[in-house]
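Residue numbers (our numbering): 155 to 487.
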Ligand SMILES: Nc1nc2c(ncn2[C@@H]2O[C@H](COP(=O)(O)OP(=O)(O)OP(=O)(O)O)[C@@H](O)[C@H]2O)c(=O)[nH]1
Ligand SMILES: [Mg+2]
């Protein structure tokens, strides 16, 4: 029999977007799932056979960016940088699109083929926000699969997309988040074409601008000291660089977002009572009736409660006299 070809796939995305749910549905495993961020703290491997391929799927911890701010983020980042995965599936939350696109804005510049799993489509629909996968495809040039992982919707399509992924497909650079940051192009030029493996020069340049120490240490070790010196002279302060890079990514999100989501006007169906209660005549009649019966109801409920109160009031005096006769002074005076 023909040898099975292995494909490595990483599931990446913001915390709580549904990566482990997608993973479980794809692999039949049972990774910990719950409705709060930060559940997956280690990478987890699963395997599935499809077509003539053996697909290794990695569930990674949720991460807001590819900056190693926490151990979980470092695990996700190291996996993407060091393991040569064939495809990255970025799981985005269709119900919180703006936020969950941030990591996509960074991952697309890594140079690894990306598929977008547009998850929680059911949540978006319940919020009357229609997310349009076709527009998403057009605006980003990415393969976009609408998914509702918790109901297994779209999982077969996602597996198909992974199976048939055309790795020769190149992204058009004009669809990348454009980085309008001072000296970005100059830094990029100084490192472009120097590394045949690993992340793209585009991503590395961005990380240098952000003041990423690990990337800086790696490049300092691989470039000549003169070149590294030239680069360092171009770099802004880490704070300025991080702000500029984040702004560039959010600008990209804000340009594409309005094209991806259309909000339906809330379709609220008025019931018979709503119609009567807002009617010019019947509305006021109902309000008066509620007030009138409300007052009567208040008395009806209060009276039985008041009886024990009255009883205590009238019986207090004789009771005191009785007690003082049984227990003479000083207990009861
Ligand atoms: N409504 C709805 N809920 C979903 C869907 N997919 C996942 N969920 C729920 O979203 C929550 C988060 O899912 P997880 O799979 O744990 O998310 P995760 O991305 O692995 O989270 P971390 O590991 O913490 O980063 C859980 O409560 C899931 O049941 C979906 O398609 N629709
Ligand atoms: Mg998880």
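Note that the Cβ used here is the ideal one computed from N, Cα and C, for glycine as well.
Backbone secondary structure at residue i - three-state DSSP
i, result
"residue 300", "strand"
"residue 314", "helix"
"residue 273", "strand"
"residue 240", "coil"
"residue 175", "helix"
"residue 203", "strand"
"residue 218", "coil"
"residue 197", "coil"
"residue 213", "strand"
"residue 208", "strand"
"residue 307", "strand"
"residue 366", "coil"
"residue 291", "helix"
"residue 348", "coil"
"residue 377", "coil"
"residue 261", "helix"
"residue 159", "strand"
"residue 245", "strand"
"residue 284", "strand"
is_contact[residue i, chain D] using C-beta, thresh 9 angstroms
i, result
"residue 442", "Protein chain content of the structure displayed is limited to a single chain, and chain D is not contained in it."
Counted within 10 angstroms of its Cβ, other Cβ atoms place residue i as buried (16 or more) or exposed
i, result
"residue 177", "buried"
"residue 413", "exposed"
"residue 488", "Nothing about residue 488 can be read from this structure; the chain reaches only from 155 to 487."
"residue 356", "buried"
"residue 391", "exposed"
"residue 364", "buried"
"residue 475", "exposed"
"residue 359", "buried"
"residue 173", "buried"
Between the CA atoms of residue j and residue i - distance to the nearest angstrom
i, j, result
"residue 280", "residue 302", "12 angstroms"
"residue 213", "residue 382", "36 angstroms"
"residue 270", "residue 161", "17 angstroms"
"residue 319", "residue 209", "12 angstroms"
"residue 262", "residue 380", "30 angstroms"
"residue 304", "residue 274", "8 angstroms"
"residue 257", "residue 397", "15 angstroms"
"residue 232", "residue 429", "60 angstroms"
"residue 377", "residue 367", "15 angstroms"
Cβ-Cβ separation, residue j to residue i (assumed contact under 8 angstroms), whole Å
i, j, result
"residue 259", "residue 403", "4 angstroms"
"residue 171", "residue 246", "6 angstroms"
"residue 163", "residue 243", "6 angstroms"
Item to check | Whole alpha helix (DSSP H) elements within the stretch 382-442, 4-residue minimum | outcome: 392-414 and 426-431
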